[in-house]
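*Asks:* My questions will all concern the structure given below.
There are 2 protein chains.
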Amino acid sequence: MGYKMDLRELLEKVAKDVDKFIYENLVGTPKHLYDAALHIIRAGGKRVRPTILVASGLALGGEYARLIPYASAVELVHTFTLIHDDIMDNDDFRRGVETVHRKWGVPVAITAGDLLFSKAFEVPTSSELSNNVHDHLSSLRAVNILSRAASIVAEGQALDMMFEEKQMVTESEYLDMVYRKTAALIEASSAMGAVLAGASEEDVERMKRYGRNIGIAFQIKDDILGIYGDPEVTGKPVYSDLREGKKTLLLIRAMERGSVELRKRLQQVLGNRNASTKDFEEVAKMIEDLGIRRETELEAYKLAEEAISELNSLKGVKRPEYIYALKELATFIVSREK
Amino acid sequence: MGYKMDLRELLEKVAKDVDKFIYENLVGTPKHLYDAALHIIRAGGKRVRPTILVASGLALGGEYARLIPYASAVELVHTFTLIHDDIMDNDDFRRGVETVHRKWGVPVAITAGDLLFSKAFEVPTSSELSNNVHDHLSSLRAVNILSRAASIVAEGQALDMMFEEKQMVTESEYLDMVYRKTAALIEASSAMGAVLAGASEEDVERMKRYGRNIGIAFQIKDDILGIYGDPEVTGKPVYSDLREGKKTLLLIRAMERGSVELRKRLQQVLGNRNASTKDFEEVAKMIEDLGIRRETELEAYKLAEEAISELNSLKGVKRPEYIYALKELATFIVSREK
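Here you go:
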């Protein structure tokens, strides 16, 4: 393997091995509960978080076979949050299939999420104990990082629900929510990889900041695509975020800094089912004219750059080809069109 | 301290220290999420599971301060299952207070349960890591036992919901569900205590069987009290299990072995809102006349005796006064009137 590791190849390999590990370990009765728990995993997904964990771990000298159970655990936690979020948001579809509560009902969906959550801790610890891994301290630290992230995600979910009811959300409140709901689990993924590789405290912190920065950049880019993305590319309905009146970073900025006229237009149009595509186009243009689109895009790029500079300052890199892949990922996150 | 340890005194001490630990460690924002998560804990409860963990651990030479974080974790998992169960059963009250979803709504209740679940793993691992505990293997094993139990509880919950829809449930299906939904977490409590005390594999297994037996005995006794308990003592409405048509062990036996007449009466009366107290009295008497009450009571006693004989066969007892308390608990569970 050379200096470069193709990101797409790595994503595919990790996805294959993580899925295999999950399917082998999530077996039990009653069958419908396990079917419900695995439904969203079977429906696809890129396994970005597991890949971040694996690449972070391999880059710092970790062992592939030991990383896979924890990479799977991160995906199980992520999927559990999706199942419970879909219940709360009353969403009908996810990854092109019916949501779990729509297919099996709310009680089974709650329980299926709970099962994935417990399996996220059961499966990697069982694997460690039966494979005679001797470094129990790093296992315990990985469990601690993952459970801490899951607590922060729950806080983020609660904040997100609060904000839906709130008239005004400030930029810093919003970014704090994004950190908790989205970035915390990505930060945990890169940190767990480093810890399981036996990295120094400083390198663990650097990997953690890498994950946090790309996690926040990811959500900001999502907010931009929610208004300016090409519906044919993103697969989402045109102006869906504006239509739903979602308080994205761009919207918060527009409400804070826009003219009286823009703010009035926004209040008329946001979340208004009768507003036309032309109305949304107009509002999107006004936000762009304020420089908010450009400025927000630059911020996402800056976060990706900061993430990359964290990688550049790592001291204990053993396999630089995986650092290359992590850099590619940071760049991909902010340049993607969907 | 002599050979005897008063069970009530121990329950009170553990409850005080576990509650203190939980309140100190479950602090965060948004405040309403933490209030919702702590609501059922604040409403009371005897902390039976934490006490089992602590007594099992102390009996086998464990250290009190190290056991408390895991004892708290078991209570957090237990409470999380109560919050989610109340949503699924649409119950309005628990421990004399409004249920979490009734007070804060379903989305907050789901998230509050999720938060307790993640804290159950975060809090003891953080405590170990910051207190410089060196026996990381036993910590990892405790995490593994707790997460495995939580998976089994989720399976038990799914089975319980399935049985509500099912016409016929066999005795062995029912007992398997009871093991998963109720006994698995009690079994985990005694096993975790033993593991954290550094007990031998054989003693861990014995403690595990102790917990499993009293866990099943507990539910069987509950089923008996659900029909023959004194409403003034239990605090539950008279014949509530019959009124709700709950498939308890006694009911399953009556349906399996009763006369054609009894089975017909049961089908008329069970879960029938128009049935009178006299109807239920009659049915309860018919079940008793078949010998089912007596036989089921004897079985609960036999399970408690088996649990006690597991304790008697322990090899590594360091502090017998805690074995005494565990025996008292086994006896209490099957002789209680509420």
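First to last, the sequence lines map onto chains A and B. The opening position of the first sequence corresponds to residue 289 in our numbering, with each subsequent residue numbered one higher. The opening position of the second sequence corresponds to residue 289 in our numbering, with each subsequent residue numbered one higher. Every residue gets a Cβ at the ideal spot worked out from N, C-alpha and C, and that includes glycine. Since we're looking at a predicted model, the values are computed, not measured.
By a C-beta neighbour count over all protein chains shown, 10 Å radius and 16 as the cutoff for buried, is A:Phe309 buried or exposed?
*Replies:* Against the first sequence, residue 309 of chain A aligns to sequence position 21. With 16 or more other Cβ atoms within 10 Å, it is buried.
*Asks:* Reducing DSSP to helix, strand and coil, say where A:Arg561 ends up.
*Replies:* The residue labelled residue 561 of chain A in the question sits at position 273 within the first sequence. In the structure shown, A:Arg561 sits in coil (DSSP, three-state: anything other than H, G, I, E or B).
*Asks:* Buried or exposed: where does A:Met456 fall if 16 or more other Cβ atoms within 10 Å of its Cβ makes it buried?
*Replies:* Position 168 of the first sequence, counting from 1, holds the residue named residue 456 of chain A. The residue in question, A:Met456, is exposed, as its Cβ has fewer than 16 Cβ neighbours within 10 Å.
*Asks:* According to DSSP, simplified to helix, strand and coil, what is A:Glu386?
*Replies:* One-based indexing of the first sequence puts residue 386 of chain A at position 98. Strand, per DSSP.
*Asks:* Run through chain E and tell me which residues come within less than 7 angstroms of A:Arg429, C-beta to C-beta.
*Replies:* You won't find chain E in this structure, because its protein chains are A and B.
*Asks:* Using DSSP's beta-bridge definition, name the partner residues of A:Phe381.
*Replies:* As a first step, residue 381 of chain A is located in the first sequence; it is residue number 93 there, counting from the start. Paired residues: A:Glu386.
*Asks:* If you measure between the beta carbons of A:Lys615 and A:Ile596, is that distance less than 7 angstroms?
*Replies:* For the purposes of this step, residue 615 of chain A is taken as the residue at position 327 of the first sequence. For the purposes of this step, residue 596 of chain A is taken as the residue at position 308 of the first sequence. Cβ distance < 7 angstroms, so A:Lys615 and A:Ile596 count as in contact.
*Asks:* For a quick check, are the C-beta atoms of B:Tyr467 and B:Leu599 less than 7 angstroms apart?
*Replies:* Indexing the second sequence from 1 puts residue 467 of chain B at position 179. Indexing the second sequence from 1 puts residue 599 of chain B at position 311. Taking 7 angstroms as the Cβ cut-off, B:Tyr467 and B:Leu599 do not qualify as a contacting pair.
*Asks:* Would you kindly work out how many angstroms separate the C-alpha atoms of A:Glu410 and A:Glu312, rounded to a whole number?
*Replies:* Within the first sequence, the letter at position 122 stands for residue 410 of chain A. Within the first sequence, the letter at position 24 stands for residue 312 of chain A. Approximately 13 angstroms, taken between the alpha carbons.
*Asks:* Strictly below 7 angstroms CB to CB, what residues from chain A border B:Leu403?
*Replies:* By 1-based counting over the second sequence, the position of residue 403 of chain B is 115. What B:Leu403 touches in chain A: Ser439 and Ala442.
*Asks:* With A:Asp323 as the anchor, note down where its alpha helix (DSSP H) starts and where it stops.
*Replies:* One-based indexing of the first sequence puts residue 323 of chain A at position 35. Lys319 to Arg330 is the span of the alpha helix (DSSP H), which, as asked, contains A:Asp323.
*Asks:* Anything in the region 308-327 of chain A with a Cβ closer than 8 angstroms to a Cβ of chain B? List those residues in chain order, please.
*Replies:* If the cut-off is 8 angstroms between Cβ atoms, the region 308-327 of chain A has Gly316, Thr317, Pro318, His320 and Leu321 near chain B.
*Asks:* A:Gly533: which of A:Ile515, A:Gly523 and A:Arg545 sits nearest, CA to CA?
*Replies:* The residue given as residue 533 of chain A occupies position 245 in the first sequence. The candidate whose alpha carbon is nearest that of A:Gly533 is A:Ile515.
*Asks:* Pop quiz: B:Pro338 and A:Met449 are said to be a contact at Cβ under 8 angstroms. What is the actual Cβ separation, rounded to whole angstroms?
*Replies:* Within the second sequence, residue 338 of chain B is the residue found at index 50, counting from 1. Within the first sequence, residue 449 of chain A is the residue found at index 161, counting from 1. In fact, because the Cβ distance is near 31 angstroms, the residues do not count as touching under 8 angstroms.
*Asks:* Relative to chain A, which residues along the region 390-402 of chain B have a C-beta separation below 7 angstroms, given in chain order?
*Replies:* Correct list: Pro395, Val396, Ile398, Thr399 and Asp402.
*Asks:* Counting only the same chain and skipping the five closest in sequence on each side, list residues whose C-beta sits under 6 angstroms from that of A:Met289.
*Replies:* Sequence index remark: in the first sequence, residue 289 of chain A carries index 1 (1-based). Note on A:Met289: pLDDT 49, under 50, position unreliable in the model; no value is reported.
*Asks:* Threshold first: 4 residues or longer. Then list the alpha helix (DSSP H) segments lying entirely within the region 556-611 of chain A, N to C.
*Replies:* Complete alpha helix (DSSP H) runs here, min 4: 565-577 and 580-600.
*Asks:* Compare the C-alpha of B:Arg330 against each of B:Glu452, B:Ser418 and B:Glu386 and name the closest.
*Replies:* To locate residue 330 of chain B, count along the second sequence from 1; it is residue 42. Nearest C-alpha to B:Arg330: B:Glu386.
*Asks:* In or out: A:Leu447 buried (at least 16 other Cβ within 10 Å) or exposed?
*Replies:* Position 159 of the first sequence, counting from 1, holds the residue named residue 447 of chain A. So A:Leu447 ends up on the buried side.
*Asks:* Taking only three categories from DSSP, how would you classify B:Asp491?
*Replies:* Counted from its first residue, the second sequence places residue 491 of chain B at position 203. Looking at B:Asp491 - three-state DSSP - the assignment turns out to be helix.
*Asks:* Is A:Val457 helix, strand or coil when you go by DSSP?
*Replies:* Counted from its first residue, the first sequence places residue 457 of chain A at position 169. In this structure, A:Val457 counts as coil in the three-state DSSP scheme.
*Asks:* Helix, strand or coil: how does DSSP classify B:Ser547 here?
*Replies:* By one-based count along the second sequence, residue 547 of chain B stands at place 259. Of the three classes helix, strand and coil, the one that applies to B:Ser547 here is coil, per DSSP.
*Asks:* Below 8 angstroms on the Cβ atoms is my contact criterion, and I expect A:Val443 with B:Pro318 to pass it. Report the Cβ-Cβ distance as a whole number of Å.
*Replies:* Start at 1 with the first residue of the first sequence, and residue 443 of chain A comes out as number 155. Start at 1 with the first residue of the second sequence, and residue 318 of chain B comes out as number 30. Per the sequence shown, residue 443 of chain A should be read as Glu rather than Val. With a Cβ gap of about 7 angstroms, A:Glu443 and B:Pro318 count as contacting.
*Asks:* Which residue marks the beginning of the alpha helix (DSSP H) containing A:Ala343, and which one marks its end?
*Replies:* Walking along the first sequence from the start, residue 343 of chain A turns up at place 55. From DSSP, the alpha helix (DSSP H) with A:Ala343 extends over Val336 to Ala347.
*Asks:* Compare the C-beta of B:Lys407 with all C-beta atoms of chain A and state if any pair is closer than 7 angstroms.
*Replies:* Here residue 407 of chain B corresponds to residue number 119 of the second sequence, with the count starting at 1. True, the Cβ-Cβ gap to chain A drops below 7 angstroms.
*Asks:* So the candidates are A:Leu298, A:Ala408 and A:Val521; which of them puts its Cα closest to the Cα of A:Ala325?
*Replies:* Translated into positions along the first sequence, residue 325 of chain A becomes position 37. If we check each option's Cα against that of A:Ala325, A:Ala408 comes out closest.
*Asks:* What are the boundary residues of the alpha helix (DSSP H) that includes B:Arg531?
*Replies:* Counted from its first residue, the second sequence places residue 531 of chain B at position 243. First-last of the alpha helix (DSSP H) with B:Arg531: Ser528 to Arg531.
*Asks:* Tell me whether B:Gly481 is buried or exposed, calling it buried when 16 or more other Cβ atoms sit within 10 Å of its Cβ.
*Replies:* Numbered from 1 along the second sequence, position 193 holds the residue referred to as residue 481 of chain B. The residue in question, B:Gly481, is buried, as its Cβ has 16 or more Cβ neighbours within 10 Å.
*Asks:* Could you tell me if A:Lys590 is buried or exposed, where buried requires 16 or more neighbouring beta carbons within 10 angstroms of its beta carbon?
*Replies:* On the first sequence, residue 590 of chain A is found 302 positions in, with the first residue counted as 1. It counts as exposed.
*Asks:* Which of the three DSSP states is assigned to A:Met289 in this structure?
*Replies:* As a working note, residue 289 of chain A is residue 1 in the first sequence. Bear in mind that a pLDDT of 49 at A:Met289, under 50, signals an unreliable position, so the model cannot answer this.
*Asks:* Establish whether the CB of A:Arg436 and some CB of chain B are separated by less than 7 angstroms.
*Replies:* One-based indexing of the first sequence puts residue 436 of chain A at position 148. Cβ-Cβ to chain B under 7 angstroms: yes for A:Arg436.
*Asks:* Alpha helix (DSSP H) containing A:Lys304: first to last residue?
*Replies:* Residue numbering aside, residue 304 of chain A sits at position 16 when the first sequence is read from its first letter. Here the alpha helix (DSSP H) through A:Lys304 covers Leu295 to Asn313.
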